[in-house]
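If you read the protein sequences in the order shown, they are chains V and G.
Residue numbering for the first sequence follows the numbering used here, beginning at 362 and increasing consecutively.
Residue numbering for the second sequence follows the numbering used here, beginning at 43 and increasing consecutively.
Where a beta carbon is used, it is the ideal one built from N, C-alpha and C, also for glycine.
As the structure is a computational prediction, the values presented were derived from the model and not from experiment.
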Amino acid sequence: MVEIHLSVPDINLNRLEQEPIHTSGKVQPHGVIFALEEPDLKIVQVSTNTFNIFGVYPQDILGKTLEEIFDPFQIEAIKQGIASDNLDFINSSKLWARIKGDDYVVFDGVFHRNADGLLILELEPAFSQENIPFLSFYHLARTSINQLEKTANLRDFCQIIVKEVRKLTGFDRVMLYKFDEENHGDVIAEEKLESMESYLGLHYPESDIPAPARRLFSANYIRLIPDAKVKPVQLFPIENPITQQPLDLTLSILRSASPCHLEYLHNMGVASSLTISLIKDDQLWGLIACHHQTPKYVSYELRKACEFLGRVIFSELSAREETEDYDYRMKLTYIQSMLVDYMSSEENFVNGLVGREPNLLDLTNSQGAAVCFGGNCTVIGKTPTEEDLNYLVQWLQNNINEEIFYTDSLPRLYSDAEKFKEVASGLLAIPISKRNYVLWFRPEVIQTVNWGGDPNKAYETTHAEGNVRLSPRKSFELWKETVRLKSLPWKQVEIKAALELRKAIINIVLRQADELAQLAQDLERSNAELKKFAYVASHDLQEPLNQVANYVQLLEMRYRDRLDEDAQEFIGYTVEGVSLMQTLIDDVLAYSKVDMQGAEFAFTDAETALEKAIANLRGRIAESGARITRDRLPTVMADGTQLMQLFQNLVGNAIKFRSENPPEIQISAQRTEDAWVFSVKDNGIGIDPQFFERIFVIFQRLHTRDEYSGTGMGLAICKKIVECHRGRIWVESELGKGATFYFTVPVGGRDGDRRNTRKAQNYLFSRGQ
Amino acid sequence: MAIAEIQGRPKTIFLVEDNKADIRLIEEAFKNSAMPHRMVTVRTGTDAMAYLRREGEYANAQRPDLILLDLNLPRKDGREILAEIKSDPNLRRIPVVVLTTSRNEDDIFHSYDSNVNCYITKSRNLEELFKIVKGIEEFWLQTVILPSE
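What follows is the structure, encoded as C-alpha cells:
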C-alpha cells in the first residue's frame, strides 16, 4: 500500500524473511518434546529440559520406549489411536509420569506427525486433571453466536470475537488483526485492560509478521508463547537420527518463536502471547492476537476451545462479509448485463459502453473511463488527456501481460501519472487485445494512516560482538502518515465485474468479425448467383427467342408468295419484337457485366479507348456525317474495355440524338485536384433539365422507338461503369442547344479509393488486432 | 474436293443437338447444299458418345466427317463430349464445330482449350444462319484436307 523505505539494506531483510523458524531445533522450556521411532515408540530425540521436568537426564531417556517412561496401560490406549491413524482421537491425552516414589506429574500429551512423517509427542504440564467437556465448548460457542446474530456489521462482529476470547482466556489484551492485500495489517477490534494504550485502528507493516511467520500461521492455527523471556531449550541430539536432519517443527506446539519475534514482543511489553489464525479461502485472512504483560499459560483444551470459537465465529463472519458484498455485486451484475445489451444493439460496441445509462463508470464506481480501440480513445467522465492516455496505453502494452491490471497508486508504478493524479491515481485496466484497452480511473484521495510505530523504522541494525544483527523496532508509538497519490482501492467485486465485461467485449468483437465474414460470404454467393443468371440470360433466354425469329423468317421466306399483305406486316412486327427483345437481353447482360469485369484495372490510355469506340461506330459516323474532335486525353487507372464502352455509348448517343445539322462532337479532359473530368459535347437536340437524373436510370427513355431506337440501357450502363471507377457522371444541356456529358475518373483510379473504403469497412478488424 | 469426288461417298455430318427446332433448321440449311451428304442426329450427350464409339445400337455407325456440337445438352453436356473426343486417339482427328447460342467467354476459352476446331454462335437471323451453314460446309467438307480414315 504505502512504500516503506526501510533504513536497512534489503539483503538483511531478505535474510530475515528466510529465517528458517521451523528447523531452529529449539522448543519452549515449559514442555517436553519426544521424536519417536515406530512401532515401538522408541525415543530418538528429546528436548534437553527433561531433568527440570522429570528429574531424568536426556541421555538417560534416549533409546527408551514410551512404556518405560509412562505406565504401559496408558500407552496401550495411545498405541491404538496411533494405529487408527487419526491422532485427533488421542489429542490430548492425560499422561502421568512418576518422578520420585509416589510423586506423579500429569501432562497433556499431544501427538502429531511432521512433514517428514515422524511421530512427535509433546508434553505440557496439565493444570486440571480433567478434560474440558464438550458441553463447555458448546455453551461458549452458542453464547457467542447468539450475540453475533444481533450484530449488523463486520466491526461489531470482530469486537464480539475479541471480547469472547478475552473472557475465556483472561489475556490483558486481545486484538483482531486483518491482513490487507499487501500483507500489512490493521487492528480492527480490540479488548484490553483499561490501563493499556489502545492499538485499535493502527496499521502494522508487513515486516512485523514476515512471510515465513505467515506460512507457519497458515499451517498451525494456534500458537502459544507462555513466557517470551525464557531461554528456549535445544533438542538432543540436534539432528534426528532417522532423517539425519534437524527436526521439522512446523506443526509443533512447543516450537520456540524466532528470536526476532520474541524481541518484538519484549519491545512491545508483552510477556506472553497466544495467536489464533483466521483462514478464509485457504488464505491467512487475519489473526486473533492475545497479549499478556506477565507470563501466562493457557491449557491445551482452552487453546483448542479458542481455536474452535475462532473458527465457528469466523465462518459466520465470512458469510456475513459476503452478504455485505452481495447487494453491490447484484447491482454490478445488473449494470454489466445492461452494458452487454447496449453493446450488442450498437453497430460499434464502444457506443454501447459510453453512450447510455448506466455506463462504464457505473460498473466499477469510477470517475472516469476510456475505451482505447484502434488507435482512438473514447472517454467518459474525468480522464487524463488523449496524449497522456496514449502514453499510458503504451506503458500498459509494455508492462502488463495479465488479463486485468489494477492499482490504487498508479504514480508509484508509472511516474508520469503523477501529473494527472487528480483524475487517475487509481487505474483498473482490461486489455481486449494487444493494443486495445478499457480503462477506469479514480482520483487521488489523501488519507491518513495510523501506524503502530514508524514503519520506516520497523527494524534496526545492532552491532553485537562485531556482527551486524537485525532487531525489531523499539517504539510502537502512534506514527501518523499522510498518504498521497492514492485512490480508493478497487473492490474485488468491481475487479470481477471488469473481468466479466472483458469476456463480453471479446465475445462481441469476435461475433461482429464473424458477422462481417458471413456478410462477405453471402455477397460472394449472391455474386456467383448473379453470374449464373447472366449466363442463363445469354443462353437459355436467347435460345427460344432465336427459335421464334428463325422460324418466322423461314415462314416468310418459304411462303412469301402465298401470304397477303396483312400477314407480311404481322410477321414484320413479330420479327421486330423478337429483335428488340434480343437487344434488351444483350444490354441487360452488358449492364450486369460491368461490375464483374471491374477487376482489370490498369493504366489505360483514354485516347486508345476513344479511338476503339470511334472505330466501332464508324458505320454510323459515316452515315450521319459526324465530325468528331478531341483534346489530348490522359492515361488513367481504368478498365480499358469499360472505358471504351463508355465513350462508345456517349458518342453513339451524340450521333443518335442529332439535330438537323450534321453532328459535331468534342471530347475533352480536364484535371482537377483528385480526378480527371472527361466531357463529350454535342450539338444535338439537347435534354430538358428536368430529365437530367432520369436519363441515367435503367430502361428510362424520353422518346418512342419510332423516333429513336434503343432500350433505355445505354446511359444506365455508362453510369454503372463510372461508378465502378468510383467516379461521377452528369449532364449539362438545354433543349435544342446540344448536350455535354461529363464523367470523372479519380486519379490513382478506383484502387486507391477502394483501399480507403476497405480501411473504413475493416475498422473493427484493425482495432481488434 | 478432289478426295471427296474420288471417294464418291456422301459425307456424314454428325449433329449433336437437343432442340428439335434447331435440328430442323440446320437440316433445312443443309438442304440447300448441292453436295451429297448424310446427316445423323443424336439429342443427348450419352447417345453422342455411344454413336462415336459404336456402342450398342450404334455398332455399325458410320464414322462422321464433321461433328456439329451444341454445348448445352441433357445428361452429358457438349463441353464433356468435346473433351472426350479430343482426348480419344481414334476420334480426335474428326473436326468438331461447336455451334451454340452461348456467347459466354468462358465457353469460348474452354472450347478452344479443349482443341475445338472452331466455335460458331448460332445466328439470330435466318439468312445469316444459312450463310454460316454454307460456310461450314464449304470449308470443312470441301476445302480442308483431312486424313482419310
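Segment contact: the segment 129 to 136 of chain G against the segment 873 to 882 of chain V, fewer than three CB-CB distances shorter than 8 Å; contact not assigned.
Counting only runs that start and end inside the segment 530 to 588 of chain V, the beta strand (DSSP E) elements of at least 3 residues fall at 534 to 540, 546 to 553 and 583 to 586.
Partner residues in the beta bridge of Lys387 of chain V, as assigned by DSSP, are V:Gln595. Scanning its chain for C-beta atoms nearer than 8 Å, with the 5 sequence neighbours on each side dropped, one finds around Asp723 of chain V the residues Ile696, in chain order.
Between the segment 518 to 536 of chain V and the segment 428 to 435 of chain V, the count of C-beta pairs closer than 8 Å stays below three; the two stretches do not touch.
Val84 of chain G sits close to Val58 of chain G, with the two beta carbons spaced by under 7 Å.
Scanning the segment 444 to 485 of chain V for uninterrupted beta strand (DSSP E) segments of 3 residues or longer gives 454 to 461 and 464 to 474, listed from N- to C-terminal end.
By the beta-carbon neighbour count (other beta carbons within 10 angstroms, threshold 16), Trp457 of chain V is exposed.
Per the Cβ contact rule, the segment 1027 to 1045 of chain V is not in contact with the segment 914 to 925 of chain V (fewer than 3 Cβ pairs under 8 Å).
Nearest C-alpha to Thr142 of chain G among G:Ile136, G:Ser153 and G:Leu133: G:Ser153.
For secondary structure counted as the alpha helix (DSSP H) over 4 or more consecutive residues, the segment 131 to 168 of chain G holds these complete runs in sequence order: 147 to 155. Secondary structure of Trp646 of chain V (DSSP, three-state): strand. In the three-state reduction of the DSSP assignment, Tyr798 of chain V falls in the strand class, which pools E and B. Taken in chain order, the unbroken stretches of beta strand (DSSP E) that lie wholly in the segment 728 to 779 of chain V and span 3 residues or more are 729 to 734, 737 to 742 and 766 to 768. In summary, Pro745 of chain V is buried, with 16 or more beta-carbon neighbours lying within 10 Å of its beta-carbon over all protein chains present. When secondary structure is reduced to three states using DSSP, Phe1053 of chain V falls in the coil class, being assigned neither helix nor strand. Relative to Lys164 of chain G, the option among V:Glu1068, V:Leu978, V:Ala910 and V:His473 whose CA is nearest is V:Ala910.
Per the Cβ contact rule, the segment 598 to 606 of chain V is not in contact with the segment 640 to 648 of chain V (fewer than 3 Cβ pairs under 8 Å).
Within chain G, the C-beta atoms nearer than 8 Å to that of Gln914 of chain V come from Asn167, Leu168 and Glu169, in chain order.
Close CB contacts of Val466 of chain V within its chain, under the 6 Å cut and outside five residues either way in sequence, are with Ala458 and Ile460 (chain order). For Ala1030 of chain V, the enclosing beta strand (DSSP E) starts and ends at Glu1025 to Arg1032. Between the segment 564 to 578 of chain V and the segment 537 to 547 of chain V there are three or more C-beta pairs closer than 8 Å, enough to call the two in contact. Under DSSP, Leu423 of chain V takes part in no beta bridge, so it has no partner.
Annotation: Ile394 of chain V to Leu482 of chain V spans about 6 Å, alpha carbon to alpha carbon. Residue contact with chain G for Gln943 of chain V: present (Cβ-Cβ distance below 7 Å to some residue of chain G). In the three-state reduction of the DSSP assignment, Pro52 of chain G falls in the coil class. Under DSSP, Phe431 of chain V shares a beta bridge with V:Ala458. Taking all protein chains in view, the Cβ of Asp469 of chain V is crowded by 16 or more other Cβ atoms within 10 Å, so the residue is classified as buried. Residue contact with chain G for Ala889 of chain V: absent (no Cβ-Cβ distance below 7 Å to any residue of chain G).
Contact of Leu67 of chain G with chain V is assigned, a C-beta pair being separated by under 7 Å.
About 6 Å separates the CB atoms of Gly1001 of chain V and Ala970 of chain V; that is less than 8 Å, so the two are in contact.
Following the DSSP letters along the chain, one finds Arg991 of chain V in no alpha helix (DSSP H) but inside the beta strand (DSSP E) bounded by residues Arg988 to Arg991.
Shown here, Met998 of chain V sits in a strand according to DSSP, grouped into three states.
Per DSSP, the beta bridge partners of Leu639 of chain V are V:Gly647. Under the three-state reduction of DSSP, Asn868 of chain V is assigned to helix.
Each residue's CA atom was taken as its position, placing Leu188 of chain G and Asn159 of chain G some 12 Å apart.
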